[in-house]
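Q:
Chains as they are written, first to last, in this note's numbering: chain A, 37 to 360; chain B, 37 to 360.
1) Going along chain B, which residues have a C-beta under 7 angstroms from residue 299/A?
2) Kindly list, in the order they appear in chain A, the residues whose Cβ is closer than 8 angstroms to that of residue 247/B.
3) Which residue wins for smallest C-alpha separation from residue 348/A, given the options 65/A, 58/A, 57/A?
4) Going straight from the alpha carbon of residue 247/B to that of residue 320/B, what length do you get?
5) Run through the stretch 192 to 279 of chain B for me and flag every whole beta strand (DSSP E) of 3 or more residues, listed as ranges in chain order.
6) On the three-state DSSP scale, how would you describe residue 88/B?
7) Between the Cα of residue 183/B and the Cα atoms of 176/B, 193/B, 175/B, which residue gives the shortest distance?
8) In chain B, which residues lie less than 9 angstroms from residue 346/A when you measure between Cβ atoms?
9) Please find out if some non-hydrogen atom of the ligand MG comes closer than 6 angstroms to the beta-carbon of residue 318/A.
10) Considering only their Cβ atoms, is the gap separating residue 226/B from residue 172/B smaller than 7 angstroms?
11) DSSP three-state label for residue 103/A, please.
12) In or out: residue 93/A buried (at least 16 other Cβ within 10 Å) or exposed?
13) Bridge partners for residue 312/A per DSSP, in chain order?
14) In three-state terms, what does DSSP make of residue 180/A?
15) Under 8 angstroms by Cβ, that's how I've got residue 292/B and residue 344/B pegged, so tell me the actual separation to the nearest angstrom.
16) At a Cβ threshold of 7 angstroms, is residue 280/A touching chain B?
17) Please report how far the alpha carbon of residue 249/B lies from the alpha carbon of residue 221/B, in whole angstroms.
18) Under 8 angstroms Cβ to Cβ from residue 169/A, same chain only, skipping five residues before and after it: list those, please.
19) Less than 7 angstroms between the C-beta atoms of residue 300/B and residue 107/B, yes or no?
20) By Cβ distance, which residues of its chain are closer than 7 angstroms to residue 87/B, with the 5 residues on each side in sequence left out?
21) Helix, strand or coil: which one does DSSP assign to residue 323/B?
22) Excluding the five sequence neighbours on either side, which residues of its own chain have a C-beta within less than 6 angstroms of the C-beta of residue 38/B, listed in chain order?
23) First and last residue of the alpha helix (DSSP H) that includes residue 72/B?
24) Starting from the C-beta of residue 318/A, find all residues in its chain whose C-beta is less than 6 angstroms away, skip the five residues before and the five after it, and write them out in chain order.
25) Evaluate contact between the stretch 187 to 203 of chain A and the stretch 271 to 282 of chain A, counting only Cβ atoms and requiring at least three cross-stretch pairs below 8 angstroms.
26) Between which residues of its own chain and residue 239/A is the CB-CB distance below 8 angstroms, once the five residues before and five after are set aside?
27) Bridge partners for residue 167/A per DSSP, in chain order?
28) Applying the criterion that 16 or more other CB atoms from any shown protein chain within 10 Å of the CB defines a buried residue, is residue 237/A buried or exposed?
29) Please determine, among 272/A, 352/A, 315/A, the residue with the shortest C-alpha to C-alpha distance to residue 104/A.
30) Name the chain A residues whose beta carbon is nearer than 8 angstroms to that of residue 139/B?
31) What is the DSSP secondary structure of residue 95/A, counted as helix, strand or coil?
32) Quick check: is the beta carbon of residue 66/B nearer than 7 angstroms to any beta carbon in chain A?
33) Between 331/B, 244/B, 76/B, which has its C-alpha nearest residue 162/B's C-alpha?
34) Any beta-carbon of chain A closer than 7 angstroms to the one on residue 232/B?
35) 7 angstroms is my cut-off, CB to CB: does residue 91/A come that close to chain B?
36) Report buried or exposed for residue 355/A, applying the criterion of at least 16 other Cβ atoms within 10 angstroms of its Cβ.
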């Protein structure tokens, strides 16, 4: 009985929240904001044909370029390069071996010339060979101090204020918010709760294999240099199926790597919402889309509007970009 | 601000719950019940040295033999056999091919004689080759009507009343409850929310590979006859690391397949709780442990008490076994 009372009061408060002051103050009163709020009002209105029960209010967000910036390269790549520099004394062979040699010389362009294969090799060399607890500490220490070369800000300060508001607004309306990112799952988990309010168990990402072992009487998760899962493109609906086990009703992305996630979300029955952040603000952030080597967005721009997806212009639809 | 108010009221109600009527009425007032309630009181008492913040109150439960029965064979095996019978007309070759031929002849013992390899072969033949949505419907339809051969009850009526109370008690005290089972993840998800109050995204289990495909313009998750992950023994801590991303503080199991999950849970710092259900009630359920072909429990009986794990006797510690 007490349990029911808790639920009733929580529902009443959720309903009250829905009518309080503007929940999205950093969004201009343009089409995307109106589309978001009218979707949320619709699915939370009890008795309406579009009502969605709380447990089914699943919202998924890409991370790189959707919740935080991704230029001039994925922030995880800065982490990888910093780790290579830190580990170099234990790997004298890296001085002669690409792509490590280029990283150590500070030649980012050559280091990345090998494409996905080279990046994967560097990820394995820096993300494996330790326990899960050790890796969590390495990430936590790095993210607390590492700064973006252009802005001089902490990477966690380069999150998008309008998206933080959107995450909170959805949660206040009974949504469970998930991150579904091509980034490393264990690279994100140590800080997503603090920064985004998204707990580790609601983070889906790419991963390497691990094994459980008792080492010197102490149980540990050992991180192995072997790919487990790539959570990108057609991998995103698969990651959602594996981790969440039901289809989201709300999805946000920014690149063609998110296309299948938005497609999968909006192909479900009942009310669905999809949005694409368009990086078109060279003054406050970066402007890139069809020809970018990172966060390429072409299919989404062509197909999205036809499918009823909201295209969010950073330039026109956001009052502010980063938290002040 | 409203959000904070919600949190405050929810906390007040949670605290009120903690002092209400007996939350575990089907448990006798013996050592395991006392250990459970004193652990929960300890970790929820603000200001105490053992206090654990709500987000870290992660509890994991095995399913077969821990939340529902598992004799004379895993309930999922009944599902597999029923599916083989249903699919037989499309597979005339099964009449001559083991282990399918034995299933069709009703010879369960011979069908299972091939051990894990045979079971896996039958699982692939019945769990793959359809979309995720189709499989969910097959499971939902089956679980709604299939009955246990000995008791004549629905399988979902053969859940343990004391464990339903324990799940609810933990949730009322701010715990997030997860299932971590060797059973098929998508075999459990369609009904765990209704039966246990555990939503699909909090179910971890064994899985086959899937792929995302747009078939005739319709996006679908296609289930493939290829093993993805076995969530048993040393696989359980790995499954927890992958899906939950933090170490539980409470774990319940019943067989040596759960040993590593309990070991991993209790090896963390701070207060930890582990319990093993001992099937010692031949009258109301089944009695089996060291020599059982299913749910074998030997190491847990020997090691558990030395490690401070609670051994729960179904016979002595539970007033009732199944819901009435």
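Virtual Cβ for every residue (Gly too), placed ideally from N, Cα, C.
A: The short version:
1) Looking up residue 299/A in the first chain gives position 263. Correct list: 255.
2) As a working note, residue 247/B is residue 211 in the second chain. Those are 270, 274, listed as they occur along chain A.
3) Working through the first chain from its first residue, we reach residue 348/A at position 312. Minimum Cα distance to residue 348/A is reached at 65/A.
4) Walking along the second chain from the start, residue 247/B turns up at place 211. Walking along the second chain from the start, residue 320/B turns up at place 284. Distance between the alpha carbons of residue 247/B and residue 320/B: 44 angstroms.
5) 212 to 220, 239 to 251, 254 to 265
6) One-based indexing of the second chain puts residue 88/B at position 52. Reduced to three states, the DSSP call for residue 88/B is coil.
7) Residue 183/B sits at position 147 when you count from the first residue of the second chain. Measuring from the Cα of residue 183/B, the nearest candidate turns out to be 193/B.
8) Taking the first residue of the first chain as 1, we reach residue 346/A at position 310. Per Cβ cutoff of 9 angstroms: no residues; residue 346/A is ~19 angstroms from chain B at best.
9) The ligand content of the structure shown is nil, which means the ligand MG is not present either.
10) Translated into the one-based positions of the second chain, residue 172/B becomes position 136. Translated into the one-based positions of the second chain, residue 226/B becomes position 190. Their beta carbons are under 7 angstroms apart, which means residue 172/B touches residue 226/B by this criterion.
11) For the purposes of this step, residue 103/A is identified with residue 67 of the first chain, where counting begins at 1. Residue state, collapsed to three classes: coil.
12) Taking the first residue of the first chain as 1, we reach residue 93/A at position 57. Result: buried.
13) The sequence position of residue 312/A within the first chain is 276, counting from 1. Residue 312/A pairs with 289/A, 347/A.
14) Residue numbering aside, residue 180/A sits at position 144 when the first chain is read from its first letter. If DSSP states are grouped into helix, strand and coil, residue 180/A belongs with the helices.
15) Within the second chain, residue 292/B is the residue found at index 256, counting from 1. Within the second chain, residue 344/B is the residue found at index 308, counting from 1. With a Cβ gap of about 18 angstroms, residue 292/B and residue 344/B do not count as contacting.
16) Counting from one through the first chain, the residue named residue 280/A turns up at place 244. By this cut-off, residue 280/A is an interface position.
17) As a working note, residue 249/B is residue 213 in the second chain. As a working note, residue 221/B is residue 185 in the second chain. Distance between the alpha carbons of residue 249/B and residue 221/B is about 21 angstroms.
18) Mapped onto the first chain, residue 169/A falls at position 133. 256, 257.
19) Along the second chain, one-based indexing puts residue 300/B at 264. Along the second chain, one-based indexing puts residue 107/B at 71. In this structure, residue 107/B does not lie closer than 7 angstroms to residue 300/B by Cβ.
20) Here residue 87/B refers to the residue found at position 51 when the second chain is read from its first residue. If we look at residue 87/B and ignore the five residues flanking it on each side, its Cβ neighbours are 79, 81.
21) As a first step, residue 323/B is located in the second chain; it is residue number 287 there, counting from the start. In the structure shown, residue 323/B sits in a strand (DSSP, three-state: E or B).
22) Position 2 of the second chain, counting from 1, holds the residue named residue 38/B. Since pLDDT at residue 38/B reaches only 44, below the 50 mark, its modelled position is unreliable, and no value is offered.
23) Counted from its first residue, the second chain places residue 72/B at position 36. Segment 67 to 80, the alpha helix (DSSP H) holding residue 72/B.
24) Here the question's residue 318/A lines up with position 282 in the first chain. Once the five neighbours on either side are set aside, residue 318/A has no close Cβ partner at all.
25) no
26) In the first chain, residue 239/A corresponds to position 203, counting from 1. Cβ neighbours of residue 239/A beyond the five flanking positions: 214, 215, 217, 221, 224, 225, 228.
27) Within the first chain, residue 167/A is the residue found at index 131, counting from 1. Residue 167/A is bridged to 258/A.
28) For the purposes of this step, residue 237/A is identified with residue 201 of the first chain, where counting begins at 1. Per the 10 Å Cβ criterion, buried.
29) Within the first chain, numbered from 1, the residue matching residue 104/A stands at position 68. The shortest C-alpha separation from residue 104/A is found at 315/A.
30) What you label residue 139/B is simply residue 103 of the second chain in a count that begins at 1. Per Cβ cutoff of 8 angstroms: no residues; residue 139/B is ~28 angstroms from chain A at best.
31) To locate residue 95/A, count along the first chain from 1; it is residue 59. Strand, per DSSP.
32) Counting from 1 along the second chain, the entry for residue 66/B is found at position 30. Not closer than 7 angstroms to any Cβ of chain A, the Cβ of residue 66/B fails to qualify, so no.
33) Position 126 of the second chain holds residue 162/B. The shortest Cα separation from residue 162/B among 331/B, 244/B, 76/B belongs to 244/B.
34) Locating residue 232/B in the second chain gives position 196, where the first residue counts as 1. So no, residue 232/B is outside the interface.
35) Numbered from 1 along the first chain, position 55 holds the residue referred to as residue 91/A. Cβ-Cβ to chain B under 7 angstroms: yes for residue 91/A.
36) The residue you call residue 355/A lines up with position 319 of the first chain. Classification of residue 355/A: exposed, given that the 10 Å Cβ count is below 16.
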